Amino acid sequence: MGEIELGQYIVERLKQLDVKQVFGLPGDYNLDWLDFIENDKDIHWVGSTNELNASYAADGYARVKHSLGVVVTTFGVGELSALNGIAGAMSERVPILHLVGVPSTSLQANKAILHHTLGGSGTFNSFAEMSSHISSAVGILKKNTDWTTEIDRVITCALTECRPVYLTLPTDLVHAKVSDAPLRESKLPRPHSAPVSDELGDESTQSDVLKHCIAEISERFEKSKNPIVVVDICADRFGCGPELKKLVEATGVRFFANHTCRSVLDEDHTLFGGTYAGANSLPAVRQEIENADFVLMAGKLESDFNSGSFTFQLPVKDTVELHSFETKIGYASYPECDIRTILPHLTRALGQIVKKNGGPKQKDEKLIEKSKKQREELGQVPEPDSKAIKHDWFWPRIGAFLQPNDIVIGETGTSSFGLVNVPFPKNGSCLTQTLWGSIGWATGATMGAVLAANEAKEKRRTILFTGDGSIQLTLQEVGTMIRRKTCPYLFVLNNDGYEIERQIHGPKAEYNDIMMYDWQKMLPFFAGKSTHPYQSFEVHTPAELDELLNDKEFNVADKLRLIEVYMPRGDAPAGLIRQAQLTAEANSKI
Numbered sequence: 001m002g003e004i005e006l007g008q009y010i011v012e013r014l015k016q017l018d019v020k021q022v023f024g025l026p027g028d029y030n031l032d033w034l035d036f037i038e039n040d041k042d043i044h045w046v047g048s049t050n051e052l053n054a055s056y057a058a059d060g061y062a063r064v065k066h067s068l069g070v071v072v073t074t075f076g077v078g079e080l081s082a083l084n085g086i087a088g089a090m091s092e093r094v095p096i097l098h099l100v101g102v103p104s105t106s107l108q109a110n111k112a113i114l115h116h117t118l119g120g121s122g123t124f125n126s127f128a129e130m131s132s133h134i135s136s137a138v139g140i141l142k143k144n145t146d147w148t149t150e151i152d153r154v155i156t157c158a159l160t161e162c163r164p165v166y167l168t169l170p171t172d173l174v175h176a177k178v179s180d181a182p183l184r185e186s187k188l189p190r191p192h193s194a195p196v197s198d199e200l201g202d203e204s205t206q207s208d209v210l211k212h213c214i215a216e217i218s219e220r221f222e223k224s225k226n227p228i229v230v231v232d233i234c235a236d237r238f239g240c241g242p243e244l245k246k247l248v249e250a251t252g253v254r255f256f257a258n259h260t261c262r263s264v265l266d267e268d269h270t271l272f273g274g275t276y277a278g279a280n281s282l283p284a285v286r287q288e289i290e291n292a293d294f295v296l297m298a299g300k301l302e303s304d305f306n307s308g309s310f311t312f313q314l315p316v317k318d319t320v321e322l323h324s325f326e327t328k329i330g331y332a333s334y335p336e337c338d339i340r341t342i343l344p345h346l347t348r349a350l351g352q353i354v355k356k357n358g359g360p361k362q363k364d365e366k367l368i369e370k371s372k373k374q375r376e377e378l379g380q381v382p383e384p385d386s387k388a389i390k391h392d393w394f395w396p397r398i399g400a401f402l403q404p405n406d407i408v409i410g411e412t413g414t415s416s417f418g419l420v421n422v423p424f425p426k427n428g429s430c431l432t433q434t435l436w437g438s439i440g441w442a443t444g445a446t447m448g449a450v451l452a453a454n455e456a457k458e459k460r461r462t463i464l465f466t467g468d469g470s471i472q473l474t475l476q477e478v479g480t481m482i483r484r485k486t487c488p489y490l491f492v493l494n495n496d497g498y499e500i501e502r503q504i505h506g507p508k509a510e511y512n513d514i515m516m517y518d519w520q521k522m523l524p525f526f527a528g529k530s531t532h533p534y535q536s537f538e539v540h541t542p543a544e545l546d547e548l549l550n551d552k553e554f555n556v557a558d559k560l561r562l563i564e565v566y567m568p569r570g571d572a573p574a575g576l577i578r579q580a581q582l583t584a585e586a587n588s589k590i
């Protein structure tokens, strides 16, 4: 049995999970561990500009790879700066390991008053207690704990629950020797570690509860005349996209997406019906969904912004909800049957029903033709009604710019709502933070997303859409993008302030105003003496933007590009206007 240093043990576990990028900032309590990253050829230290940006980047990285993101901070001052990003990962179910370098076990035992502490209290657990409320597991490594078991427990929790975890690493334990046996003898699970439908055994391996759920759902499905599938965020987090694709193709049932969960299934599929957000949906989409007599909700995570302020009109009695840790059938709940456990069985069971009955369940070719026509209409770029770039023209034009495999990140507000009805290309990905909604998230997440994209076998462009107000919170990370030689597209919508807030309340209020930066000086400033190629553009009219998007060289992601898009103050996507009205009404209710 071999031995390994504890710091190296953590690195090896990360490499087993295909983590190739580690985000964070150096601090004296984590420097010894960072040496292991520095000296490893397979895992890279990114080095962000601040801990908040690092946590956002780890979030974007984990979303694109459907695996673990890692952020490393130092004790106290570093870890607290990361907590907003960690809370967002908790809210939106993103697996992140927050590794915190802390003072040695002996200094903690002696209650030494050290830098980055709260002074005279002599306690070292205050910050861990803060993180415990926004983490699915907390691991505190001490002298008398089984260190490797605790490390594996915490990381396993992140992967199985798809939520962030917190782990301390004292300075005096970094080089402590531990057995390397766990690295050879046990593999940590992935978020999508459940078997797929073509790997299932016979029914004798199913629990009684699972058998009951499959039978009940099958009976409801067979009786239905208008069945549909609605895909939401947790289906993506738990890696259920491939199995959901098998299900809809085995059954011929039309599927829809919630706008927080775009492109889990390809939207150019003939069975795709559109994006659903309750009252904030296209009328045809809302009508079809709310007239269904069997609704399979996969990974539902309902919030005000993705449900049109809770205007989902889906009858409970006709709805089956596959959740992260339970299945709901009508009014009944079955905690033993989570989405990963039951979904492969449903693919097989419902597919057999369709096959037995002689063909796809969905036989209404008119609906499929209607869906095709709807996609074509959404894909059409209207004639601009003025010389100004307005949202009703801008987003359809962006839809025409997108290519297969593109990764699109939309900031909370005009960008995320503008993207709602943009037709996405094959294998495209759309990242938004609709539930937590922390402005500035998208720029940091772009840093992680573009690095994850660069690891992929196929070429993937990374494209950010953000507002001139939002990017001001985290724009330092553009410098990291240049330092790490990445080539994302950065579309900055210059509409002179916080437009989403103005739509909700205070259209002329000073508190929704911002300092107007000269965005054309940003890339030269951050690039400094770097030789990394970049381009910066400003466009004021539809004709200028159209010419740029049609340029063949512009469409090749070989430079970091900033595109400053001037838009009228007060203009907003139709979906944002509707949601702002719903939000304002909800906020004013007593």
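Residue numbers (full-length UniProt numbering): 1 to 590. Yeah, the Cβ is synthetic: ideal placement off N, Cα and C, and Gly gets one too. Just so it is clear, the structure is predicted and the values come from calculations on it, not from any experiment.
(1) Taking the beta strand (DSSP E) that T432 falls in, what are its first and last residues?
(2) According to the Cβ coordinates, are V285 and G274 closer than 8 Å?
(3) Kindly indicate the opening and closing residues of the alpha helix (DSSP H) around residue 627.
(4) Please state the DSSP three-state secondary structure of W45.
(5) Let me confirm a value: G85 is counted as buried when at least 16 other C-beta atoms fall within 10 Å, else exposed. Which label applies?
(6) Looking at the structure shown, is L296 part of a helix, part of a strand, or coil, going by DSSP?
(7) Could you name the residues that DSSP lists as bridge partners for Q21?
(8) Helix, strand or coil for P423 per DSSP?
(9) Check N110 in the structure and name its three-state DSSP category.
(10) Using the beta-carbon count (16 or more within 10 Å), is D551 buried or exposed?
(11) Scan the region 362-388 and note each continuous alpha helix (DSSP H) run of 4 residues or more that stays entirely inside, going in chain order.
(12) Who are the Cβ neighbours of T347 in its own chain at under 7 Å, not counting the five residues just before and after it?
(13) Buried or exposed: where does K521 fall if 16 or more other Cβ atoms within 10 Å of its Cβ makes it buried?
(14) Straight-line CA distance for L31 to V22?
(15) Within this structure, are the beta carbons of Y56 and G358 separated by less than 8 Å?
(16) Could you tell me which of L83, F401, R569 sits nearest to D513, measuring between CA atoms?
(17) Please tell me whether P425 and D406 are closer than 8 Å, where the distance is taken between their beta carbons.
(18) What does the Cβ neighbour count give for R93, buried or exposed, with the cut at 16 atoms within 10 Å?
(19) Go ahead and pull the three-state DSSP assignment for I134.
(20) Touching or not, the region 436-450 and the region 58-69, by the rule of three or more beta carbon pairs under 8 Å?
(21) Is the separation between the beta-carbon of G437 and that of L402 shorter than 8 Å?
(22) Residue range of the beta strand (DSSP E) that P170 falls in?
(23) Is the CB-CB distance between L68 and P103 below 8 Å?
(24) Hey, V230 and F272: beta-carbon distance below 8 Å or not?
(25) Check whether the region 499-511 touches the region 553-561, taking contact to mean three or more Cβ pairs, one atom from each stretch, closer than 8 Å.
(26) Put H98 into one of helix, strand or coil per three-state DSSP.
(27) Applying the criterion that 16 or more other CB atoms from any shown protein chain within 10 Å of the CB defines a buried residue, is D571 buried or exposed?
(28) Going by DSSP, what residue range makes up the beta strand (DSSP E) through L464?
(29) Would you list the residues sitting across from Y276 in a DSSP beta bridge?
(30) Can you list, in chain order, the residues of its chain with a C-beta nearer than 8 Å to that of W395? Leave out the 5 residues immediately preceding and following it.
(31) Q8: buried (16+ other C-beta within 10 angstroms of its C-beta) or exposed?
(32) With distances taken between CB atoms, is the gap from C234 to G299 smaller than 8 Å?
(33) To which residues of the same chain is D546 closer than 8 Å at the C-beta, ignoring the five residues directly before and after it?
(34) Just curious, the beta strand (DSSP E) that V316 is in, first and last residue?
(35) How many angstroms separate the CA atom of K459 from the CA atom of L114?
(36) How far does the alpha helix (DSSP H) with I504 in it extend, from its first residue to its last?
The answer reads as follows:
(1) Residue mapping note: residue 432 aligns to position 432 of the sequence shown, counting from 1. Counting along the chain, the beta strand (DSSP E) containing T432 begins and ends at 429-432.
(2) For the purposes of this step, residue 285 is identified with residue 285 of the sequence shown, where counting begins at 1. For the purposes of this step, residue 274 is identified with residue 274 of the sequence shown, where counting begins at 1. Result yes, Cβ atoms of V285 and G274 sit closer than 8 Å.
(3) There is simply no residue 627 to check, as the chain begins at 1 and stops at 590 in what is shown.
(4) Indexing the sequence shown from 1 puts residue 45 at position 45. Reduced to three states, the DSSP call for W45 is strand.
(5) Numbered from 1 along the sequence shown, position 85 holds the residue referred to as residue 85. That one is buried.
(6) Numbered from 1 along the sequence shown, position 296 holds the residue referred to as residue 296. Strand at L296.
(7) Along the sequence shown, one-based indexing puts residue 21 at 21. Answer by DSSP bridge pairing, in chain order: H44.
(8) As a position in the sequence shown, residue 423 is number 423, starting the count at 1. Coil at P423, not helix or strand.
(9) Translated into the one-based positions of the sequence shown, residue 110 becomes position 110. Note: N110 maps to coil in three-state DSSP.
(10) As a working mapping, residue 551 is identified with position 551 in the sequence shown. Label assigned to D551: exposed.
(11) 365-379
(12) The residue given as residue 347 occupies position 347 in the sequence shown. Excluding sequence neighbours, T347 sits near S197, E243, K246, L247, A250.
(13) Here residue 521 is taken as the residue at index 521 of the sequence shown, counted from 1. It is exposed - the Cβ of K521 has fewer than 16 other Cβ atoms within 10 Å.
(14) Position 31 of the sequence shown, counting from 1, holds the residue named residue 31. Position 22 of the sequence shown, counting from 1, holds the residue named residue 22. About 14 Å.
(15) Numbered from its first residue, the sequence shown carries residue 56 at position 56. Numbered from its first residue, the sequence shown carries residue 358 at position 358. Not in contact: Y56 and G358 (Cβ atoms no closer than 8 Å).
(16) Reading the sequence shown from its first residue, position 513 is the one you call residue 513. When each option's Cα is compared against that of D513, the closest is R569.
(17) Taking the first residue of the sequence shown as position 1, residue 425 is located at position 425. Taking the first residue of the sequence shown as position 1, residue 406 is located at position 406. Taking 8 Å as the Cβ cut-off, P425 and D406 qualify as a contacting pair.
(18) Your numbering for residue 93 matches position 93 in the sequence shown. Buried: at least 16 other Cβ atoms inside 10 Å.
(19) By one-based count along the sequence shown, residue 134 stands at place 134. Correct three-state label for I134: coil.
(20) yes
(21) Your numbering for residue 437 matches position 437 in the sequence shown. Your numbering for residue 402 matches position 402 in the sequence shown. No, Cβ-Cβ distance for G437 and L402 is not below 8 Å.
(22) Taking the first residue of the sequence shown as position 1, residue 170 is located at position 170. Taken as a continuous stretch (DSSP letters only), the beta strand (DSSP E) holding P170 covers 165-170.
(23) For the purposes of this step, residue 68 is identified with residue 68 of the sequence shown, where counting begins at 1. For the purposes of this step, residue 103 is identified with residue 103 of the sequence shown, where counting begins at 1. It is not a contact, given that the beta carbons lie outside the stated cut-off.
(24) Within the sequence shown, residue 230 is the residue found at index 230, counting from 1. Within the sequence shown, residue 272 is the residue found at index 272, counting from 1. Cβ distance not < 8 Å, so V230 and F272 don't count as in contact.
(25) no
(26) Residue 98 sits at position 98 when you count from the first residue of the sequence shown. Strand, per DSSP.
(27) As a first step, residue 571 must be located in the sequence shown, where it is residue number 571. D571 should be labelled buried.
(28) Along the sequence shown, one-based indexing puts residue 464 at 464. Taken as a continuous stretch (DSSP letters only), the beta strand (DSSP E) holding L464 covers 462-467.
(29) Here residue 276 is taken as the residue at index 276 of the sequence shown, counted from 1. BP columns for Y276 point to N258.
(30) As a working note, residue 395 is residue 395 in the sequence shown. Counting only Cβ-Cβ distances below 8 Å, and skipping sequence neighbours, we find G418, L419, N421, V422, P573.
(31) Here residue 8 refers to the residue found at position 8 when the sequence shown is read from its first residue. When all chains shown are included, Q8 counts as buried.
(32) Here residue 234 is taken as the residue at index 234 of the sequence shown, counted from 1. Here residue 299 is taken as the residue at index 299 of the sequence shown, counted from 1. Their beta carbons are under 8 Å apart, which means C234 touches G299 by this criterion.
(33) Reading the sequence shown from its first residue, position 546 is the one you call residue 546. Cβ neighbours of D546 beyond the five flanking positions: R397.
(34) By 1-based counting over the sequence shown, the position of residue 316 is 316. No beta strand (DSSP E) contains V316, which DSSP labels as neither H nor E.
(35) The count along the sequence shown starts at 1 and reaches residue 459 at position 459. The count along the sequence shown starts at 1 and reaches residue 114 at position 114. The straight-line gap from Cα to Cα measures roughly 48 Å.
(36) The residue you call residue 504 lines up with position 504 of the sequence shown. First-last of the alpha helix (DSSP H) with I504: 499-504.
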